[in-house]
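Going by the working numbering, 62 is the number at position 70 of the sequence shown; the sequence numbering is gapless. The C-beta atom is built at its ideal place from N, Cα and C for all residues, glycine as well. Working notes, beginning with the structure itself.
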Amino acid sequence: MSRIILWGQVRDGLVGGTAAIERRILEAIREAGDRGILQRELWRVVGIDSRNGARIVRRLEQRGFLVREAVMYKGRRTYVVRLTKKALTPIVLDPVLVSIPCFTCPMLSRCGEGAPTSPVKCEKLNRWLAEYVRKLGSGSGDGED
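In structure tokens:
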């Protein structure tokens, strides 16, 4: 069975809001390489204010995705931020999970039981399920031909 590898552990399926900023922060730190990036420079690169940035960086640090090292820069205390091995560890997902149409659907945040958009009434999901059941019946249950 083939597999798809995703970088990092902040899910790309989460769109907008804090998750998008977390991805931008992690990507900026990754691009800085082993030397890391000054926390104050990170705010400029990502385009966020220091108050929100510090809160998000602390949360990512608590989750084990990055480490901060206190340094003196131009006579002021700041931090160098680096990724941890956990942030760089690839996540392997089964292709069946990646192929589920819900995770790329723009209606995902408004979809649910009793909502105008519902998995029960979704044509894309029903077509995907029918095709997956057909593939299971033909013996290629990995979702690929």
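- [ ] If I'm right that Val63 touches Val73 with Cβ under 8 Å, what's the distance once you round it to whole angstroms?
- [x] The sequence position of residue 63 within the sequence shown is 71, counting from 1. The sequence position of residue 73 within the sequence shown is 81, counting from 1. 10 Å between Cβ atoms; not a contact.
Task: DSSP-derived helix/strand/coil call for Val38 - done: For the purposes of this step, residue 38 is taken as the residue at position 46 of the sequence shown. Here Val38 sits in helix by DSSP.
- [ ] Can you grab the Cα-Cα spacing for the pair Pro98 / Ala122, in whole Å?
- [x] Taking the sequence shown and counting its residues from 1, one reaches residue 98 at position 106. Taking the sequence shown and counting its residues from 1, one reaches residue 122 at position 130. Cα-Cα distance, rounded: 21 Å.
- [ ] Pull up the CB-CB distance for Arg32 and Thr70, whole angstroms please, since I reckon it's below 8 Å.
- [x] Position 40 of the sequence shown, counting from 1, holds the residue named residue 32. Position 78 of the sequence shown, counting from 1, holds the residue named residue 70. Arg32 to Thr70, Cβ: 5 Å. Contact.
Open item on the list: Quick check on the burial criterion: 16 or more other C-beta atoms within 10 angstroms. Buried or exposed for Ile21?
Closed with: Counting from one through the sequence shown, the residue named residue 21 turns up at place 29. Under this definition Ile21 is a buried residue.
- [ ] With distances taken Cα to Cα, identify the nearest neighbour of Val37 among Glu14, Arg51, Arg55.
- [x] In the sequence shown, residue 37 corresponds to position 45, counting from 1. Of the listed residues, the one whose Cα sits closest to Val37 is Glu14.
Task: Of the listed residues Asp26, Ile17, Glu61, nearest to Lys77 (C-alpha basis) - done: By one-based count along the sequence shown, residue 77 stands at place 85. Of the listed residues, the one whose Cα sits closest to Lys77 is Asp26.
- [ ] Measure the C-alpha to C-alpha separation of Leu6 and Ser130 and round it to an integer number of angstroms.
- [x] Here residue 6 refers to the residue found at position 14 of the sequence shown. Here residue 130 refers to the residue found at position 138 of the sequence shown. Because the pLDDT at Leu6 is just 39, under 50, the model does not fix this residue reliably, and the point stays unresolved.
Open item on the list: For Cys94, tell me which candidate among Pro111, Asp86, Ile83 has the shortest Cα-Cα distance.
Closed with: The residue labelled residue 94 in the question sits at position 102 within the sequence shown. Answer by Cα proximity: Pro111.
Task: Best match in Leu85, Cys114, Leu58 for proximity to Thr102 [C-alpha to C-alpha] - done: If you number the sequence shown from 1, residue 102 lands on position 110. The sequence shown places Arg at residue 102, not Thr. Nearest of Leu85, Cys114, Leu58 to Arg102, Cα basis: Cys114.
Open item on the list: For Leu100 and Leu85, I'd like the C-alpha separation in whole angstroms.
Closed with: Locating residue 100 in the sequence shown gives position 108, where the first residue counts as 1. Locating residue 85 in the sequence shown gives position 93, where the first residue counts as 1. One C-alpha to the other measures close to 20 Å.
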